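Here is the structure we will look at.
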Amino acid sequence: MKKKQLIALIAALALFIAFFILVYQPYARQQSGITKQADDLKPSENLREPSSQVPPFALTNQYGKTFTEKDVDGKVFVADFFFTSCDAICPMMSTQLSRVQEAMGNEDRYRILSYSLDPENDSVPVLRSFARKFGARDSIWYLMTGDKKTIYKLGREGYMQSVLKDSNDVINHSPRFVLVDENRMIRGFYNGLDSLEVDMLINDMSYLIYKKQ
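Heads up: the sequence shown runs through residues 55 to 267, numbered per our numbering.
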């Protein structure tokens, strides 16, 4: 074997060993950990049997694109209602959703849907800025605006949420997060201001994702 060929062979072998140690082994350990975690998952007391189904909808997301129920086909998702100028519970709720996103890591079989209750003011650029503020990932967390009546009806009748705007134009809404399974069936409600309940949400979301594996 020529010297150059031997050097090339040694270099290729060294690259393979480096790949195995630095890339494959950590990945294999991670996958093993995910499998073990999935085996250990148990539903919390908040997870219920499938009840009502979230109806079809068509709104506009923070990228100015139409977003419909078809965009979450086969996905487990959590939904909430908010508005960007809210300085009371909304920032706390969005912070908790950021925590959900962080806890789910690189998992792609879930989504977060946040519906604005102030669509007149929450334009696409406003939503995009709000999304950046809370670190919303491009293909995971969608913030939506659109027709006001449609959103309020969807909140009350589709997600069983308390949402209203009183005679003084004050927006009142529930702090609950709604967990929905891959068939758009509501599976649980969680207080978005309570870290322990959000922990249960993360657990139950993971349970719904992994239970069919």
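Ideal Cβ positions, reconstructed from N, Cα and C, are used throughout, including at glycine.
The structure displayed is predicted, hence computed values, not measured ones.
Remark: C-beta atoms of F135 and G209 approach each other more closely than 9 Å.
Segment contact: the stretch 97-111 against the stretch 140-151, fewer than three CB-CB distances shorter than 8 Å; contact not assigned. For A185, the enclosing alpha helix (DSSP H) starts and ends at V178 to K187. Shown here, T138 sits in coil according to DSSP, grouped into three states, outside any helix or strand.
Distances from the alpha-carbon of G189 to those of G200, M198 and Q155 put Q155 closest. Sixteen is the threshold: since fewer than 16 other Cβ atoms of the shown chains lie within 10 Å of the Cβ of P109, the residue is exposed. Collapsing the DSSP output to three states places V126 in a helix. 9 Å or more divides the Cβ of G242 from the Cβ of D253. Rounded to the nearest angstrom, the gap between the Cα atoms of D235 and S168 is 16 Å.
Residue pairing by DSSP puts F243 in a beta bridge opposite V232. With respect to L262, Y244 sits apart: the two C-beta atoms are not nearer than 9 Å.
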